[in-house]
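**Student:** Input: one structure, supplied below.
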Amino acid sequence: MKMICIGRNYTEHARELNNPVPAEPVFFMKPESAQLRNNQPFIYPPFSNDIHYEVELVLHVCKVGRNILPQFAGSYFDGIGVGIDFTARDLQQKAKEKGLPWEMAKAFDFSAPVSRFIPKEEFADLKNINFGLLKNGEWVQKGNSADMIFDFESIIAYVSKFVTLKQGDYIFTGTPAGVGPVAIGDKLEAAIENEKLLLCNIR
Ligand code: MG
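Be aware that the sequence shown starts at 6, since it is given in our numbering, and climbs by one per residue.
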């Protein structure tokens, strides 16, 4: 499996990192080895001094597809969870300055804790899903799927022009404003509609 991650999908977040609001989705990937399962702790990696959390809604892909039309895109995912796109912001900043790829900063081992997936049918409105992140019991990020620049269907249609989606892939759909650093000892909890679905302690 692979994880496809959308960057800059919330206007306020693009602005907080001084990035332009994109006219087309920006995406990158994390490999299977980036998975962090079952509320396992995140071990602060030695190669960075500035790991940031980014809470995101995550789609579970349920069938193979490429060149998917937007009107059919909804049938290619069957569940929605919440995940954290851990980012080595210091390495990413250096890569950006040099115009180099982001993989070191984004795709490293265990950089993608993800909750269980809630069946899509359980959501009353996919365009109105509240989610967020608590750090040490305080809300640090709150988002709503209504504020995405590119909605789930647009993301799937766009990405599948370039990359075949396969059953079991995950799609991280972008982070709202409020990203920030973690420190050893922090406790992160990610929620959808106030239900805490993911716990991640930083060790
Ligand atoms: Mg992200």
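Using N, Cα and C, we set each Cβ at its ideal position, and we do this for glycine too.
Could you check the C-alpha separation between A78 and E158 for me, to the nearest Å?
**Tutor:** Each residue's Cα considered, the two are about 5 Å apart.
**Student:** According to DSSP, is K68 part of a helix, a strand, or is it coil?
**Tutor:** K68: coil per DSSP, three-state reduction.
**Student:** For E61, name the three-state secondary structure that DSSP assigns.
**Tutor:** Residue state, collapsed to three classes: strand.
**Student:** Tell me, to the nearest whole angstrom, how far the beta carbon of C10 is from that of K35; I am working on the premise that it is less than 8 Å.
**Tutor:** About 6 Å separates the two Cβ atoms, so the contact holds.
**Student:** Please state the DSSP three-state secondary structure of E143.
**Tutor:** Residue state, collapsed to three classes: strand.
**Student:** Using only the alpha-carbon positions, how far apart do E163 and P27 sit?
**Tutor:** According to the sequence provided, residue 163 is Tyr. The question's Glu does not apply to it. Each residue's alpha carbon lies about 13 Å from the other.
**Student:** How would you write the range of the beta strand (DSSP E) that Y175 sits in, first residue to last?
**Tutor:** Per DSSP, Y175 belongs to the beta strand (DSSP E) from Y175 to F177.
**Student:** Any heavy atom of the ligand MG inside 7 Å of the beta-carbon of E59?
**Tutor:** Yes, since a heavy atom of the ligand MG falls inside the 7 Å radius drawn around the Cβ of E59.
**Student:** Following a CB-centred definition, is T169 positioned closer than 7 Å to any heavy atom of the ligand MG?
**Tutor:** T169: no, Cβ never under 7 Å from the ligand MG.
**Student:** Any idea what DSSP makes of Y81, helix, strand or coil?
**Tutor:** Y81 falls in the helix class under three-state DSSP.
**Student:** For the candidate residues G179, T180 and T169, whose alpha-carbon lies nearest to that of R71?
**Tutor:** It is T169.
**Student:** By alpha-carbon positions, which one of G12, L74, A182 and D90 ends up nearest to P118?
**Tutor:** Taking only the C-alpha atoms, the option nearest P118 is D90.
**Student:** Taking the alpha carbon of L131 as the reference point, which residue from S165, R20 and G84 has its own alpha carbon closest?
**Tutor:** Selected option, being the one with the closest Cα: G84.
**Student:** At a cut-off of 7 Å, is C67 close to the ligand MG when judged by its beta-carbon and the heavy atoms of the ligand?
**Tutor:** No; taking the cut-off as 7 Å, the Cβ of C67 has no heavy atom of the ligand MG nearer than that.
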